[in-house]
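Below is one structure; the comments refer to it alone.
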Amino acid sequence: MTLPQELSRAIDDAVTADARDLVGLATNLYANPELRFEEVKAAAWISELVASRNIAVEKGLGGMATSLRARAGAAGGPRVAILAEYDALPEIGHACGHNLIAAGAVGAFLAAARVAERAGGEVVLIGTPAEEGGGGKIKLIDAGAFEGLDAAMMFHPLDRDILAHSALASLWLMFDFVGTPSHAAAAPHIGASALTACMDTFRLVDGQRVHFKDGVRVHGFITNGGQAVNIIPERAACEFSVRARDVKELARVRAIVERCAQGAAMASGVEVHLKMRQGYKDMRNNLTMARVFGEHLAAAGRTAKETDERVGAGSTDMGDVSHVVPSIHPYLAIVGEGEAMCHEHRFAAAAASDAGTEAALAAAKAMAKTAIELLGSPALREAVRAEWSAR
Ligand SMILES: [Zn+2]
């Protein structure tokens, strides 16, 4: 660690002083869950808290009303971004703990803002809407919000502390099958079933699983199963989520799944129309930066594993950010190991618990210290950049 003691202490004091406001923010977000792109209250509350410290907040970046950005420190030098997510899930609310991500990010930004000038650089808070399926960070990348940054970071709640966990590259495939309808009892021989082709797609994909590399996930569901029980289905449709550890394997598996749909359509004598929606890129964790974050966390009494192969991986638009700027996405426990996983009711309860807010405050301190250490150390920035460039 090359962070001067007095800056480290100033950050701890700042987060402690802000703790009430940060816990209040997390609690308000939790009680008012807003879906992707509709995080109006969340964006307003975060902006109010930042503005109350006399820091200007820009809104509406990347064509999203609920995105935001604030900067503090010395412009023209190195720049490090801290990212806040704040969208919730349908029905189950803040079961991914994004209310804590927001509180941690705002806490880190406000603390780093107090000492960024002394460290000789600028800290940037970026509010990124719609992580849950909307890809807000991708829109922000396209709008140039991540240009000119030396590093980007955020934290995510989990059931354990991990510095550098993987996230899978992902995309969605939609298949529409169009067959020939006929009376299912009186004249089945005239028809061609779109549903049979749809179901055969699942069977063919299952047969291909022996050829998938480790970490590949292909999971689908039928979105249209036919029109009536006495009609050979004219239309049927399904949707698949395809994920892999890197974009190359993702492209290979995508081609296999498409081939299965085409083969199934051919077997049934029906047409198939394909549509693809881009998902997220894989997460390229910057280990140099993750280890610095881990040192600051350890100094505060939390020892995080670097990786943990026992934990499954999802996908996040932070992956896309990690492809354009050196990034970290460490996880901090808000429940006991194995007790709950993201997107479950028990995890949602943990996002409103004391363990949840403790994790957010610990993340705030460690992120602020990592950011300030990066701003103050050209050697660390170079090491981070060298690792990123080598991948
Ligand atoms: Zn999440």
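Under this note's numbering, think of the first position of the sequence shown as 627, with each following residue one higher. A virtual CB, placed ideally from N, CA and C, is assigned to each residue, including glycine.
By the DSSP assignment, the alpha helix (DSSP H) with F973 in it spans what residues?
Taken as a continuous stretch (DSSP letters only), the alpha helix (DSSP H) holding F973 covers 971-976.
Are the CB atoms of A710 and A728 within a distance shorter than 8 Å?
Cβ distance < 8 Å, so A728 and A710 count as in contact.
What are the boundary residues of the beta strand (DSSP E) that includes N850?
Here the beta strand (DSSP E) through N850 covers 843-850.
Have a look at A795, S673, D980, L913 and flag the residue whose alpha-carbon is nearest the alpha-carbon of H955.
The residue with the shortest Cα to Cα distance from H955 is L913.
Given a cut-off of 8 Å, decide if A691 and V683 are closer than it, judged by their beta-carbon atoms.
No, the pair does not count as a contact, with Cβ atoms beyond the cut-off.
Which runs of the alpha helix (DSSP H) fall wholly inside the segment 707-745 and span at least 4 residues, in chain order?
Counting only runs of 4 or more, we get 724-745.
Among the candidates R928, A745, P807, A893, whose CA atom is the shortest distance from the CA of L958?
Residue R928 is the option with its Cα nearest to L958.
Which one of D768, R917, A698 has the shortest CA to CA distance from L751?
It is A698 whose Cα lies nearest to the Cα of L751.
Just the Cα atoms here: how many angstroms apart are A881 and L797?
Answer to the nearest angstrom: the Cα atoms are 12 Å apart.
Could you check if P716 is buried or exposed, using at least 16 other CB atoms within 10 Å of its CB as the buried criterion?
Exposed: under 16 other Cβ atoms inside 10 Å.
Sorry if obvious, but does the Cβ on C824 come closer than 7 Å to a heavy atom of ligand 1?
Flag unset: Cβ of C824 not near ligand 1.
Three-state secondary structure (DSSP) at N911?
In this structure, N911 counts as strand in the three-state DSSP scheme.
Measuring only between beta-carbons, confirm whether A939 sits less than 8 Å from chain C.
Of the protein chains in this structure there is only one, and it is not chain C.
Under the rule that 16 or more other beta-carbon atoms within 10 Å means buried, what is G770, buried or exposed?
Exposed.
Give me the residue from A707, S819, A818, V842 with the minimum Cα distance to L766.
The residue with the shortest Cα to Cα distance from L766 is A707.
Hey, how far is the Cα of A891 from the Cα of L821?
So the two alpha carbons sit approximately 10 Å from each other.
Starting from V961 and walking both ways along the alpha helix (DSSP H), at which residues does that stretch end?
That residue, V961, is in no alpha helix (DSSP H); it is neither H nor E in DSSP.
Since R590 contacts F803 with CB under 8 Å, what's their CB separation in whole angstroms?
Nothing about residue 590 can be reported from this structure: the residues present for the chain run from 627 to 1017 only.
Is H955 near ligand 1, judged by its Cβ being under 7 Å from some heavy atom?
Because no heavy atom of ligand 1 lies under 7 Å away, the Cβ of H955 does not count as near it: no.
Can you tell me whether H724 is buried or exposed? The criterion is at least 16 other CB atoms within 10 Å of its CB, across all chains shown.
Answer is buried; the Cβ neighbour count reaches 16.
Starting from P783, trace the beta strand (DSSP E) in both directions and tell me its first and last residue.
Run containing P783: 782-784, per the beta strand (DSSP E) assignment.
CB-CB under 6 Å to L648, same chain, minus the five flanking residues each way: which ones, in chain order?
The answer, listed in chain order, is A729, G733.
Using 8 Å as the threshold, is the segment 890-907 in touch with the segment 821-834, meaning 3 or more CB pairs across them?
Flag = yes, the segment 890-907 and the segment 821-834 touch.
Which first and last residues belong to the alpha helix (DSSP H) in which E684 is found?
Segment 683-685 is the beta strand (DSSP E) holding E684; no alpha helix (DSSP H) there.
Where does A640 land, buried or exposed, given buried means 16+ other C-beta within 10 angstroms?
Burial call: buried.
For A994, I'd like the list of residues in its chain whose CB is within less than 6 Å of its CB, leaving aside the five on either flank, ordered along the chain.
Within the same chain, A994 has close Cβ partners I637, A734, A737, A738.
Enumerate in chain order the residues of its own chain whose CB-to-CB distance from R662 is below 7 Å, with the five nearest sequence positions on each side excluded.
Closer than 7 Å at the Cβ level, and outside the excluded window around R662, lie D713, P755, A756, E758, G759, G760.
Return yes when the C-beta of H971 is under 7 Å from any heavy atom of ligand 3, and no when it is not.
Ligand 3 is not part of this structure, which contains only ligand 1.
Can you tell me the Cα-Cα spacing of G703 and D943, whole angstroms?
Cα to Cα, G703 sits roughly 27 Å from D943.
Terminal residues of the continuous alpha helix (DSSP H) containing Q834?
Element bounds for Q834: 820-834.
For a minimum of 3 consecutive residues, which ranges assigned as the beta strand (DSSP E) are wholly contained in the segment 746-770?
The segment 746-770 contains these whole beta strand (DSSP E) runs: 748-753.
Is E584 a contact residue of ligand 1, with contact defined as CB to any heavy atom under 7 Å?
Look at the range of the chain in this structure, 627 to 1017, and you will see that residue 584 is not part of it.
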